[in-house]
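Colleague:
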Amino acid sequence: MTPERHERLTAVLNKRQDDITVVLENVFDPHNISAVMRTCDAIGVEEVYILNTKIPRHKKWGARSSSSAAKWLTIHQFDNAEECFSSLRKRYSSILTTHLSSDAVALYDIDLTGRIALVFGNEQSGVSEDIRNLADGNFIIPQVGIIRSLNISVACAVTMYEAFQQKSKAGHYNQQKLDDVRYRQQYEKWERNEQV
Numbered sequence: 063m064t065p066e067r068h069e070r071l072t073a074v075l076n077k078r079q080d081d082i083t084v085v086l087e088n089v090f091d092p093h094n095i096s097a098v099m100r101t102c103d104a105i106g107v108e109e110v111y112i113l114n115t116k117i118p119r120h121k122k123w124g125a126r127s128s129s130s131a132a133k134w135l136t137i138h139q140f141d142n143a144e145e146c147f148s149s150l151r152k153r154y155s156s157i158l159t160t161h162l163s164s165d166a167v168a169l170y171d172i173d174l175t176g177r178i179a180l181v182f183g184n185e186q187s188g189v190s191e192d193i194r195n196l197a198d199g200n201f202i203i204p205q206v207g208i209i210r211s212l213n214i215s216v217a218c219a220v221t222m223y224e225a226f227q228q229k230s231k232a233g234h235y236n237q238q239k240l241d242d243v244r245y246r247q248q249y250e251k252w253e254r255n256e257q258v
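Heads up: take any position in the sequence shown, counting from 1, add 62, and you land on our numbering.
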């Protein structure tokens, strides 16, 4: 590995955030998943959770839309919702779903600087009732159009860039967020990826 590449990987790792994650529930289109992964990589999200309770596990992602983002993230796949949420609860203080409901909070009124997991549902029906019941609340992206919904990858991008703005203002990108063990493990994984 060249010194320039080492410097690039280190600079990216220094910005990785271990306190925010995205959960995708039964998202059918692997290209949508890949687009979400690309956004997550862009703002320094370290982990993405893929929950498939109604569809088979994905074997690969839509490489064209991801620009191989998956190899720079830690991806967790679950086919059991309780196991997924048990894993999330160990790492994140709050779990919110995207769902248009009377108790939903506007995205811009949420503090995204804490330890938070954000759940996005599938292309047809959104987040399921079962998953909403496991979460701590709902949020919406304010809209004034007729349709009142966005493509999942767009909704995730809007949400993640609001998180990016809040976390930037709070100084989260000015310090190493990964502990030394995870930092080293991730660097070694990325180093292996460079050789593939």
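For glycine and all other residues, C-beta sits at the position ideal for the given N, C-alpha and C. Source: prediction; values computed, not measured.
What three-state label does DSSP hand Q79 in the structure shown?
Modeller: Translated into positions along the sequence shown, residue 79 becomes position 17. Strand, per DSSP.
Colleague: Taking the Cβ atom as the reference point for each residue, do E224 and L135 lie within a distance shorter than 8 Å?
Modeller: As a working mapping, residue 224 is identified with position 162 in the sequence shown. As a working mapping, residue 135 is identified with position 73 in the sequence shown. No, the pair does not count as a contact, with Cβ atoms beyond the cut-off.
Colleague: Please determine, among S187, Q228, A104, the residue with the shortest C-alpha to C-alpha distance to V74.
Modeller: Residue numbering aside, residue 74 sits at position 12 when the sequence shown is read from its first letter. Answer by Cα proximity: A104.
Colleague: Just the Cα atoms here: how many angstroms apart are Q186 and L174?
Modeller: On the sequence shown, position 124 is the one that residue 186 refers to. On the sequence shown, position 112 is the one that residue 174 refers to. Computed Cα separation, rounded: 26 Å.
Colleague: Rounded to the nearest angstrom, what separates T159 and N195 at their Cα positions?
Modeller: The residue you call residue 159 lines up with position 97 of the sequence shown. The residue you call residue 195 lines up with position 133 of the sequence shown. Going from the Cα of T159 to the Cα of N195 covers about 10 Å.
Colleague: Go through the segment 153-204 residue by residue and report every complete run of the beta strand (DSSP E) that reaches 3 residues or more, in order.
Modeller: Listed in chain order, they are 156-160, 178-182, 199-202.
Colleague: By how many angstroms is the C-alpha of F182 removed from the C-alpha of G188?
Modeller: The residue you call residue 188 lines up with position 126 of the sequence shown. The residue you call residue 182 lines up with position 120 of the sequence shown. Rounded to whole angstroms, G188 to F182 spans 7 Å at the Cα level.
Colleague: Between D157 and P118, what straight-line distance do the alpha-carbon atoms span, to the nearest angstrom?
Modeller: Within the sequence shown, the letter at position 95 stands for residue 157. Within the sequence shown, the letter at position 56 stands for residue 118. Correcting the residue identity first, residue 157 is Ile in this sequence and not Asp. Whole-angstrom Cα-Cα distance: 24 Å.
Colleague: If you compare alpha carbons, which of E109, H93, E69 is closest to D80?
Modeller: Within the sequence shown, the letter at position 18 stands for residue 80. Considering only alpha carbons, the answer is E109.
Colleague: Look at the alpha carbon of G233 and the alpha carbon of C218, and state the distance between them as a whole number of angstroms.
Modeller: Stepping through the sequence shown from its first residue, residue 233 is reached at position 171. Stepping through the sequence shown from its first residue, residue 218 is reached at position 156. If I take the Cα positions, the gap works out to 22 Å.
Colleague: With the cut-off set at 8 Å, would you say V89 and Y111 are in Cβ contact?
Modeller: Taking the sequence shown and counting its residues from 1, one reaches residue 89 at position 27. Taking the sequence shown and counting its residues from 1, one reaches residue 111 at position 49. Not a contact, by the Cβ cut-off of 8 Å.
Colleague: Which class does V84 belong to by DSSP, given the choice of helix, strand or coil?
Modeller: By one-based count along the sequence shown, residue 84 stands at place 22. It is a strand residue.
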